[in-house]
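Take a look at the structure below.
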């Protein structure tokens with residue numbers, strides 16, 4: 011997939027809160043992705059899930075974009091935790107969970 015379209019969507023979703031170079035770096039090197047880029051991609055993923063539920067997924071390039079977003083989210087150092095929100099994956103995977111309630 012051409013990442014330029016996804017780059018534009020992430021910048022749009024971040025509503026100007028991210029410099030385009032930060033977005034580009036996160037898409038090129040997802041292992042070093044900024045948390046804000048991850049959150050924008052997560053929001054795009056949720057939009058994609060809604061599009062599927064509403065039957066708006068039969069457009070050219072949709073499957074490729076879903077795949078690209080999924081791949082980037084999986085490669086990012088961040089994850090969504092049900093109690094703590096967006097956290098580093100390494101903290102969740104720590105032996106003690108990295109969190110205390």
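In this note's numbering, the protein residues as written are 11 to 111. Just so it is clear, CB atoms sit at the ideal spot from N, CA and C, and this is done for glycine as well. Since the model is a prediction, treat every value here as computed from it, not as a measurement.
Open item on the list: The alpha helix (DSSP H) that contains residue 49, what's its start and end?
Closed with: Numbered from its first residue, the chain shown carries residue 49 at position 39. Per DSSP, residue 49 belongs to the alpha helix (DSSP H) from 45-63.
Open item on the list: I'd like to check one pair, residue 96 with residue 28: are the Cβ atoms closer than 7 Å?
Closed with: Counting from one through the chain shown, the residue named residue 28 turns up at place 18. Counting from one through the chain shown, the residue named residue 96 turns up at place 86. Cβ distance not < 7 Å, so residue 28 and residue 96 don't count as in contact.
TODO: Tell whether a beta-carbon distance below 7 Å holds between residue 76 and residue 58.
DONE: Reading the chain shown from its first residue, position 66 is the one you call residue 76. Reading the chain shown from its first residue, position 48 is the one you call residue 58. In contact: residue 76 and residue 58 (Cβ atoms closer than 7 Å).
Task: For residue 92 and residue 100, believed in contact at Cβ under 8 Å, the rounded distance - done: Locating residue 100 in the chain shown gives position 90, where the first residue counts as 1. Locating residue 92 in the chain shown gives position 82, where the first residue counts as 1. Their Cβ separation, rounded to whole angstroms, is 17 Å, which puts residue 100 and residue 92 out of contact at 8 Å.
Task: Sequence-distant residues of the same chain with beta carbon closer than 8 Å to residue 39, five excluded per side - done: The sequence position of residue 39 within the chain shown is 29, counting from 1. Counting only Cβ-Cβ distances below 8 Å, and skipping sequence neighbours, we find nothing.
TODO: List the endpoints of the continuous alpha helix (DSSP H) containing residue 71.
DONE: Here residue 71 refers to the residue found at position 61 when the chain shown is read from its first residue. First-last for residue 71: undefined, no H or E at that position.
Task: Under the three-state DSSP convention, the category residue 26 falls into - done: Here residue 26 corresponds to residue number 16 of the chain shown, with the count starting at 1. Looking at residue 26 - three-state DSSP - the assignment turns out to be coil, as it is neither helix nor strand.
Open item on the list: Alpha carbons only, please: which of 82, 103 and 89 is nearest the one belonging to residue 35?
Closed with: The residue you call residue 35 lines up with position 25 of the chain shown. Among 82, 103 and 89, the Cα nearest to that of residue 35 belongs to 82.
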